[in-house]
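Per my numbering, residue 168 is the first one in the sequence shown, and the count goes up by one each step.
Notes follow the structure.
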Amino acid sequence: MRAGSVWSRRLLATIVCLFVAGSLPAAPVQELWLAVSMNAQQPTDVVLFQRGADGKLLVSKEQMTSWGMRIPSEYADSAADAFIPLEALAGLSYRVDEDSQIAQINAPAGLFAGTTVDATSKDYPRVPRPGWGGFLNYDLSDFRSEGSSSLGGLVEANLFGPYGSGVVRYLAQDQQQLTRALRLDTTWTVDRPEVATSFRLGDSITGASGLWGGSVRFGGLQFATNFATRPGLITMPLPGVAGESALPSTVDVYVNNTLRLRSSVPAGPFNISDLPIVSGDGQIRVVVRDVLGREQVLTDSYYASPSLLRAGLHDYSFDVGAIRENYGLDSNDYGRAAFVATDRFGVTDRVTTDVHAEILKGQQTAGFGGAVLLGKFGIFSAAAAGSHTSHGNGDLFTIGLDHSSRPLSFGANAQYASAQFAQIGLVPGVPQARLKTQVYASVGLGLAGSVSASHMRQVLRSGPPIEVSTLRHGVTLGHLGYLTLSISRSRQATQDTTVALSLIRAFGARSSASVSAVSEAGSTSGQLDIQRSLPAGNGVGYRVFADSTAGGNVDGTLQLQNGMGTYELEAGRAAGAAIARVSASGSVALFDGRAFTTRRIDDSFAVVEVGTSPGVRIYRENQLVGSTDAQGVLLVPGLRAYDSNSILAEQADMPLDINFNSLQAQAIPRYRSGVLVKFVAEATRGALLSVLADDGKPIPTGALIEIVGQPEPFPAGFGGEVYVTGLTAENQMVATWPGHRCHFSVNHEPSPDPLPHLGPFTCQREGP
């Protein structure tokens, strides 16, 4: 009984204690405002922490996000203002300095959110839709030789507008009393640069498999990718590098020891993608410097090839129509109907597939292939195709290897085709060669130049095989020029060897001269070629050519280019007969309600307006094109479609009384279209004033003169003279300098003088 009562009293006491403890309030959470030193950096912001009953620190999710840290998964669904214990971050350590009220936190880089830096620009310029316009290109030529003559012309009519652009090309010839006119092409093109595709109606060229397919001209419909509408788009896979830093850092990326990128990254992991590199193999070196000056170096190697497409990228063409026959001989000879489809697809950055199909009446051909990256060894490619015709089934197989690097590049490929294999582009009834093989290599020798060699062999269905071997060595000889030695040997029924030695030297940016000697078939001849190319704007070019072959060929050409066109005059002697030729090319354009005569327009153009200022020189990509006409307008040809083209107006040619907001603009035209570039002009209404103080002496140099109501002051020069702009008919002026303030009035009427000299004006002092 006694023992039982003791245990009863103990149990009762325990229950009472537990009850009392449960009824007491929990220990309060303490709020602390502490400066933060992250990874030994100087303390920056003061942050609100919470300290639990166990003495551990907690910080809000919002604060962790501002530090760039990832929220632990177990707290991802908690409220935005929830506090998270620092112990939940693996690898993080901290210490609170009570005296200085600083929380010293050490966090590994892996706790921070990752940063991705794209080393290539994806900001493609917006391309406005043009208004309606057109241009007519012409090339006219008159050729004369002893006993013969030939007159010819190529005319190309182009129409463009907001719904695309169209072209019609005609060729006319008058030769030996035979006159004919032929239509070459008629095509309407609609480009969609936002998705890099084009739709063509009319005459076009079928898409071809890069590994084995051919291509032909046809008339019909084509829908295809068009990477030319996205200048700067890199279709091949590009390498990237990854690293991490516990502190904000600066990253320098070197490709083959050349600095290609410098970027700032916050603390944490980082990934730099799509580095700008050249094809072939190379090395990437990344130098990471944090804010404390500590440095780490990362290195990696890569291999890049245009034979591959980026992962997920398509390059396709779908064509339906009729095959064009006798192009250049007949205007409207269309043969068999055909459907051709091609699609290249980047499965991964290391694998690209290729599918091609051709369906014609009496012929069906299809095949597939691909290219695979074999590490730094190169690109391996293979394809297989089969065909069916009334003559039977045929097949084709191809295989290849390509390696590009410095200093050694090499490759080999082989193609086998059966006798019955048929595809677009082959002459009907003429089978392909049974076997085609090629090997090639090149090596850089530093100061000794470079050497390349190749061997090609075709095994025909009948007759001896065709073999061609070449060896070439080129080296720079300092200021003497570039020396090239090439040896070529061909073999079929007979063997022929050709040896050529040439020296080319450039004189400035546009002029060059070359001298060469050629030994072939037991005879040796020499050649001399001197030429000067035409400038981007107006100017003169020429070419003089002579050789020592039998009969001694001599030829000289003089070229002249101005704002209206390009003209050539050629005279010489060939095969013992005198020859002469005169030609002219140019264009007539209609755009923005104006008509222009200009040089041939081969791509796109801009109509530049510089107010109404005549004689202003206009530059395209820092190359002088011409000067504005009497209305201040100039047509600038040679612009790159879908790209930013820099157009600059010469400031020195501007009138003194005209002010332009900007003298440089970016012209972004569509394919074979025009774009309007306006330099907005405002009259400055300026004048040179002579201002005197009330004592009759010129106001001091440096005094500031203001037009009441305008914010911009004008400093005075020597002799109290000051140039002001923005004058109206009546102006109240104020002049100030240390210890003085005065005012005067200026009346200004429009004058033909671009810089009128007004005054003198006496400035009346204000105040005592």
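Note that CB positions come from ideal geometry on N, CA and C, so glycine has one too.
Only a predicted model underlies this, so the values are computations on that prediction, with no experimental measurement involved.
| Asked | Found |
| --- | --- |
| Continuous beta strand (DSSP E) stretch holding T651: start and end | Y649 to R658 |
| Distance CB(P804)-CB(R767) smaller than 9 Å | yes |
| The segment 350-365 / the segment 878-885 touching (three or more Cβ pairs under 8 Å) | no |
| Coarse secondary structure for E916, derived from DSSP in three states | coil |
| Cβ-Cβ distance between F588 and V606 below 9 Å | no |
| Beta-carbon gap between T604 and L378 smaller than 9 Å | no |
| Closest Cα partner of S557 within the set L278, G545 and L527 | L527 |
| Endpoints, beta strand (DSSP E) assigned at M938 | For the chain, the structure presents residues 168 to 935; residue 938 sits outside this window and is missing. |
| contact_flag[the segment 402-409, the segment 528-535] where n(CB pairs < 8 Å) is 3 or more | no |
| Three CB pairs or more closer than 8 Å across the segment 436-454 and the segment 241-252 | no |
| Inter-stretch contact at 8 Å, needing at least 3 Cβ pairs: the segment 417-433 / the segment 472-487 | no |
| Close-in-space but distant-in-sequence residues of the same chain around S609 (CB under 8 Å, 5 per side omitted) | L575, S576, F577, S617, V618, S619 and A620 |
| Residues bridged to L871 (per DSSP) | P882 and T903 |
| Heavy atom of the ligand MN within 8 Å of L540 beta-carbon | Here there are no bound small molecules, and the ligand MN is not part of this structure. |
| Through-space distance from V792 to F390, alpha-carbon basis | 36 Å |
| Member of Q698, A703, S811 and A854 whose CA lies at the smallest distance from the CA of Q790 | A703 |
| Alpha-carbon spacing of A193 relative to G435, whole angstroms | Low local confidence applies: a pLDDT of 48 at A193 is under 50, so the model's placement there is unreliable, and no value is given. |
| Cα-Cα separation between V226 and G258, rounded to whole angstroms | 16 Å |
| Secondary structure of A399, DSSP reduced to three states | What sits at residue 399 in the sequence shown is Gly, not Ala. Coil. |
| Whole beta strand (DSSP E) elements within the segment 299-339, 3-residue minimum | 300-312 and 315-328 |
| Secondary structure of Q931, DSSP reduced to three states | strand |
| Rounded separation between A586 and N560 - CA only | 9 Å |
| Selection from P905, E916 and T929 that minimises the alpha carbon distance to E888 | T929 |
| Contacts around Q599, its chain only, beta-carbon distance under 7 Å, and the 5 residues preceding and following it disregarded | A584, F588 and L593 |
| A274 versus E265, R639, S204 and H910, residue with shortest Cα-Cα distance | S204 |
| In DSSP terms, what T356 is bridged to | S332 and R367 |
| Given 8 Å, three or more beta-carbon pairs between the segment 391-406 and the segment 424-433 | no |
| Distance between V357 and S376 (C-alpha atoms, nearest Å) | 23 Å |
| Sequence-distant residues of its chain with Cβ nearer than 6 Å to R503 (five each side left out) | I490, L527 and K528 |
| Beta-carbon contacts of D264 that lie in its chain and below 7 Å, excluding the five residues immediately before and after | Q271 |
| Whole-angstrom distance between T466 and V454, CA atom to CA atom | 9 Å |
| According to DSSP, residues forming a beta bridge with T637 | S621 and S655 |
| Which of helix, strand or coil DSSP assigns to G613 | helix |
| Reduced DSSP secondary structure (H/G/I, E/B, other) of P804 | strand |
| Rounded C-alpha distance that separates G488 from G730 | 41 Å |
| Residues near C184 in its chain [Cβ-Cβ closer than 7 Å; skip 5 each side] | In this prediction, C184 scores a pLDDT of 41, lower than 50, which makes its location untrustworthy; no coordinate-derived value is stated. |
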